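Trainee: Here it is: the structure, laid out below.
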Amino acid sequence: MIKQSKLRVCLLILTSLFAISVPWQTAIAGTLTPEAINTATPAASSRPKGGLDGTTVKIEILLDRAHFSPGEIDGKDGENLKKALVAFAAAKGTSWQGKWTDDLWAKLTANGPDDLLMQYTITEQDLNGPFVDRLPTKMEDMKDLRRLSYTSPREELAERFHSSEDLLAALNPNARFAKAGETIVVPRVGDTELNAKVARLEVDKTAATVKAFSQDGQLLAFYPATVGSEEKPAPSGTLKVTGVQKNPTYHYNPKYQFKGVKTRKPFTVKPGPNNPVGLVWIGLTGQGFGIHGTPDPSKVSKTESHGCVRLTNWDALQLAAVVEKGTPVEFIGDDKVKETNASASETTSAAERRRVRGHRHR
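Counting with the working numbering, you get residues 232 to 593 for the letters of the sequence shown.
Structure below.
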């Protein structure tokens, strides 16, 4: 009888733990189901610390479709999302104050589809690559690769649908991304083409953004960007587009002595999405200046470029399709202000990390 009683107690404890844990896991996973994302509202936004949020995914997809790029769709609140919200609100005649109003939410969702996610069937072509097993961490070592390809089908598909690999994995927890015919859930990013030619570009060095305007002054598109570097600061004034090159090679000029590059000899990195300038190069007047893509979309506007203007690959391709030789590109703002703001942000982040660590040890 004693053994049976102990067994019952153990079973009751296990049952209680299961009852507690399963609803919590279901609630977290449930925030990233198509239904939860489609019906999400700002008031319902809730996620575990450091986790992904369905409402944020919805907002990012809607902004992306409206051509106010949040950068990488990742389900996380961050500076690129805030920049896009500020620009979207201003374009709609209002302002973003950190909180949603019914009016602004209605404007964002007005032209969005009912289903913000869609199913995609992986094809043989998606799996054929070619892929690279490992990307060198040093730029000079990249020169030995035949092509700077994607590292996996998942990376390729994530970029095609403007999302992070982590989000794609979270939307498809059972997917292996390795079999033709496998169906996955992806953001419905919609038509990526702009509806008019760009008459003027504005690169804001302080805000780390790029705006594209039509001939009549209408804002056609907004992008977060990385602008300039310590070794090669971005220019001031107005430059002009000299041409567009897709799948560019990258030619390293040792006179700039970029951080992390030890060689003092010039070298060339072959094309590919993981090339230092990504999938497209929009050349500008001025030696070596251009607007280009990136091998790491998660770092756009968060780390330095090699003296140019860096966008996500998909944003750079969208912009490249609507500029032409002679399109003016105006550089405004101040690199020093940007650096001061970045330093302040890093200091705040470091202080916050220390506060959290201190709290954990109390």
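C-beta atoms are modelled at their ideal positions from N, C-alpha and C, and glycine is treated no differently.
These numbers come from a predicted model, not from an experiment.
Could you name the residues of the same chain whose beta carbon sits closer than 8 Å to that of residue 485, not counting the 5 residues immediately before and after it, in chain order?
Mentor: So the qualifying residues of the chain are 492, 494, 495, 496, 497.
Trainee: Is residue 417 near residue 349, with beta carbons less than 8 Å apart?
Mentor: Cβ atoms of residue 417 and residue 349: closer than 8 Å.
Trainee: Alpha carbons only, please: which of 375, 356, 358 is nearest the one belonging to residue 365?
Mentor: Looking at the Cα atoms, 375 is the closest of the given residues.
Trainee: With burial defined as no fewer than 16 other Cβ atoms inside 10 Å of the residue's Cβ, what is the status of residue 284: buried or exposed?
Mentor: So residue 284 ends up on the buried side.
Trainee: Assuming contact is defined by CB atoms lying nearer than 8 Å, are residue 303 and residue 543 in contact in what I supplied?
Mentor: In contact: residue 303 and residue 543 (Cβ atoms closer than 8 Å).
Trainee: Quick one, are the C-beta atoms of residue 550 and residue 522 less than 8 Å apart?
Mentor: Yes, these two residues count as a Cβ contact at 8 Å.
Trainee: Going by Cα to Cα distance, which pick from 447, 419, 438 is closest to residue 431?
Mentor: Selected option, being the one with the closest Cα: 447.
Trainee: Tell me, to the nearest whole angstrom, how far the beta carbon of residue 505 is from that of residue 380; I am working on the premise that it is less than 8 Å.
Mentor: Indeed, because the Cβ distance is near 7 Å, the residues count as touching under 8 Å.
Trainee: What beta strand (DSSP E) runs, 3 residues minimum, are completely inside the region 450-490?
Mentor: For the region 450-490, whole beta strand (DSSP E) runs of length 3 or above, ordered along the chain, are 450-455, 468-477, 481-483.
Trainee: Mind the definition here: the region 511-527 touches the region 386-393 only if three or more C-beta pairs lie below 8 Å; say whether that holds.
Mentor: Flag = no, the region 511-527 and the region 386-393 do not touch.
Trainee: Whole angstroms is fine: what's the gap from residue 294's alpha carbon to residue 509's?
Mentor: One C-alpha to the other measures close to 23 Å.
Trainee: Determine the DSSP secondary structure at residue 498, reduced to helix, strand or coil.
Mentor: It is a strand residue.
Trainee: Using DSSP with H/G/I as helix, E/B as strand and the rest coil, what is residue 292?
Mentor: Helix, per DSSP.
Trainee: Which residues in the same chain have their Cβ closer than 6 Å to the Cβ of residue 441, if we skip the five residues on either side of it in sequence?
Mentor: Result list for residue 441: 434, 454, 456, in chain order.
Trainee: Mark residue 482 as exposed unless 16 or more other C-beta atoms lie within 10 angstroms of its C-beta, in which case mark it buried.
Mentor: It is exposed - the Cβ of residue 482 has fewer than 16 other Cβ atoms within 10 Å.
Trainee: Taking only the alpha-carbon atoms, compute the straight-line gap between residue 309 and residue 502 and give it to the nearest angstrom.
Mentor: Looking at the two C-alpha atoms, the distance is approximately 30 Å.
Trainee: Have a look at residue 345 and residue 476 and give me their C-alpha separation to the nearest angstrom.
Mentor: When rounded, the distance between both Cα atoms is 37 Å.
Trainee: In three-state terms, what does DSSP make of residue 189?
Mentor: The chain is shown from 232 up to 593; residue 189 falls before or after that span and cannot be answered.
Trainee: CA-CA distance, residue 329 and residue 321?
Mentor: Cα to Cα, the separation comes out at about 13 Å.
Trainee: Would you report the Cα separation of residue 572 and residue 404, rounded to the nearest angstrom?
Mentor: Reliability fails at residue 572, whose pLDDT of 46 lies under 50, so the model's placement of it is uncertain and the value that follows must be treated cautiously. The alpha-carbon atoms of residue 572 and residue 404 are separated by roughly 38 Å.
Trainee: Return the first residue and the last residue of the alpha helix (DSSP H) that residue 390 is part of.
Mentor: 384-391 is the extent of the alpha helix (DSSP H) around residue 390.
Trainee: Terminal residues of the continuous beta strand (DSSP E) containing residue 334?
Mentor: No beta strand (DSSP E) holds residue 334; the alpha helix (DSSP H) holding it covers 333-340.
Trainee: Answer with buried or exposed for residue 407, where buried requires no fewer than 16 other C-beta atoms within 10 angstroms of its C-beta.
Mentor: The residue is exposed, with fewer than 16 neighbouring Cβ atoms inside 10 Å.
Trainee: Confirm, please, whether the CB-CB distance from residue 553 to residue 428 is below 8 Å.
Mentor: Yes, they are a contact pair.
Trainee: How many whole angstroms separate the CB atoms of residue 300 and residue 546, which I take to be in contact at a CB cut-off of 8 Å?
Mentor: Indeed, because the Cβ distance is near 5 Å, the residues count as touching under 8 Å.
Trainee: With distances taken from CA atoms, which of 305, 307, 290, 347 is nearest residue 319?
Mentor: Per the Cα distances, 290.
Trainee: Terminal residues of the continuous beta strand (DSSP E) containing residue 433?
Mentor: Unbroken beta strand (DSSP E) run through residue 433: 431-435.
Trainee: To the nearest angstrom, how far is it from the Cα of residue 258 to the Cα of residue 267?
Mentor: Its pLDDT being 30, under 50, residue 258 is placed unreliably by the model, and the measurement read from it follows with that caveat. Near 10 Å, if we compare the C-alpha coordinates of residue 267 and residue 258.
Trainee: How big is the Cα-Cα spacing for residue 355 and residue 465?
Mentor: Approximately 42 Å, taken between the alpha carbons.
Trainee: Within the continuous alpha helix (DSSP H) that includes residue 549, where are the two ends?
Mentor: Run containing residue 549: 544-551, per the alpha helix (DSSP H) assignment.
Trainee: Among residues of its own chain, excluding the 5 on either side of residue 361, which ones have a beta-carbon nearer than 6 Å to its beta-carbon?
Mentor: The residues are 380.
Trainee: Could you give the first and the last residue of the continuous beta strand (DSSP E) run that contains residue 268?
Mentor: No beta strand (DSSP E) holds residue 268; the alpha helix (DSSP H) holding it covers 265-269.
Trainee: Kindly indicate which residue of 563, 467, 420, 524 has the alpha-carbon position closest to the one of residue 298.
Mentor: Residue 298 has its Cα closest to that of 420, out of 563, 467, 420, 524.
Trainee: Specify, as a first and last residue, the run of the beta strand (DSSP E) that residue 597 falls within.
Mentor: Outside the shown range of the chain (232 to 593) lies residue 597, about which nothing can therefore be said.
Trainee: Is it buried or exposed for residue 556, if we count other Cβ within 10 angstroms and need 16 for buried?
Mentor: Result: exposed.
Trainee: Would residue 564 and residue 436 qualify as a contact pair, given that the criterion is a beta-carbon distance under 8 Å?
Mentor: Against a cut-off of 8 Å, the Cβ pair of residue 436 and residue 564 comes out as a contact.
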